[in-house]
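Worksheet: one structure, shown below.
In my numbering, the protein residues as written are 21 to 290.
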């Protein structure tokens with residue numbers, strides 16, 4: 021009699037456990053409506069999971085209505101959905117761009133930033149703004165090892181000469197400036213406040229992209245672009261005061277004649 025009761029209780033437990041199981045199915049697609057094969061569908065907190073087939077479909081048994089399904093795929097944002105009373109759950113995954121800061125474009129491919137062996141230099145917008153200068157090249161003078169930046173003359177507004185790791189000229193000793201993807205621009209005409217970042221390619225690998233024009237290095241300039249959201253207005257104002265401490269008084273006609281005769285006396289003619 022006792023054995024029958026135990027068997028009855030055991031069978032009741034199995035029936036309750038099987039009754040608690042919930043069968044969930046559905047499909048996974050991207051923002052364009054295309055199915056995504058290979059998406060991992062996992063019951064959160066367990067090892068129970070499946071992978072979507074070539075048509076993006078899946079079928080999974082979970083513990084109950086309180087279970088949470090986790091949908092994950094490389095390059096897509098991970099999404100969590102509570103089962104609840106649903107038996108069919110269709111999910112749309114969106115692309116994620118959070119890892120693009122760790123990628124560097126090299127030639128015709130991309131590499132992780134930590135794997136890049138070339139001599140590259142990056143100056144951000146915050147670094148430029150901290151210098152409070154009116155010229156972009158003047159701002160990066162103290163932040164560019166291996167780059168010699170000198171002003172052509174002391175005249176206000178005069179340009180700068182840039183030599184990257186020595187001089188290897190093909191007729192022009194200046195590096196190649198690429199502004200927003202357009203080669204041959206003039207960086208001196210840009211406002212530092214409008215620049216998002218400056219990248220300096222200092223090694224010979226840049227020649228794989230720009231050819232002989234990169235013989236003296238390449239300076240890539242990315243300007244700020246419009247973004248969605250609230251309007252943000254910033255204003256930076258600077259002023260300076262100059263005063264001459266000692267003003268030289270000019271000579272009158274008599275004084276100038278006396279000095280000239282003293283320095284350059286007239287020699288009598290023979």
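Every residue gets a Cβ at the ideal spot worked out from N, C-alpha and C, and that includes glycine.
| query | According to the neighbour-count rule (16 or more other Cβ atoms, all chains shown, within 10 Å of its Cβ), is residue 212 buried or exposed? | reply | For the purposes of this step, residue 212 is taken as the residue at position 192 of the chain shown. By the neighbour-count criterion, in which a residue is buried when 16 or more other Cβ atoms sit within 10 angstroms of its Cβ, residue 212 is buried.
| query | Applying the criterion that 16 or more other CB atoms from any shown protein chain within 10 Å of the CB defines a buried residue, is residue 271 buried or exposed? | reply | By 1-based counting over the chain shown, the position of residue 271 is 251. The residue is exposed, with fewer than 16 neighbouring Cβ atoms inside 10 Å.
| query | Straight-line CA distance for residue 207 to residue 247? | reply | What you label residue 207 is simply residue 187 of the chain shown in a count that begins at 1. What you label residue 247 is simply residue 227 of the chain shown in a count that begins at 1. Their Cα atoms are separated by approximately 23 Å.
| Thinking C-alpha only, which one of 221, 181, 110, 157 is nearest residue 234? | Residue 234 sits at position 214 when you count from the first residue of the chain shown. If we check each option's Cα against that of residue 234, 221 comes out closest.
| said: I need the DSSP call for residue 214, collapsed to helix, strand or coil. | reply: The residue labelled residue 214 in the question sits at position 194 within the chain shown. Three-state result, residue 214: helix.
| Run through DSSP, which three-state label would residue 278 get? | Position 258 of the chain shown, counted from the start, is the residue given in the question as residue 278. In the displayed model, residue 278 falls within a helix according to three-state DSSP.
| task | State buried or exposed for residue 202, treating a residue as buried only when at least 16 other CB atoms are found within 10 Å of its CB. | result | By 1-based counting over the chain shown, the position of residue 202 is 182. Exposed.
| query | How far does the alpha helix (DSSP H) with residue 259 in it reach, from first residue to last? | reply | Numbered from 1 along the chain shown, position 239 holds the residue referred to as residue 259. Note, residue 259: premise wrong, no alpha helix (DSSP H); not H, not E.
| said: Going by C-alpha to C-alpha distance, which of 67, 100, 249, 105 sits closest to residue 112? | reply: In the chain shown, the residue the question calls residue 112 occupies position 92. Considering only alpha carbons, the answer is 100.
| Going by other Cβ atoms of all chains shown within 10 Å of its Cβ, with 16 needed for buried, is residue 63 buried or exposed? | The count along the chain shown starts at 1 and reaches residue 63 at position 43. Buried, by the Cβ-count rule.
| field | DSSP state of residue 229 mapped onto helix, strand, coil | value | Within the chain shown, residue 229 is the residue found at index 209, counting from 1. It is helical.
| field | Residues near residue 230 in its chain [Cβ-Cβ closer than 8 Å; skip 5 each side] | value | On the chain shown, residue 230 is found 210 positions in, with the first residue counted as 1. Closer than 8 Å at Cβ, skipping near neighbours: 196, 198, 203, 238.
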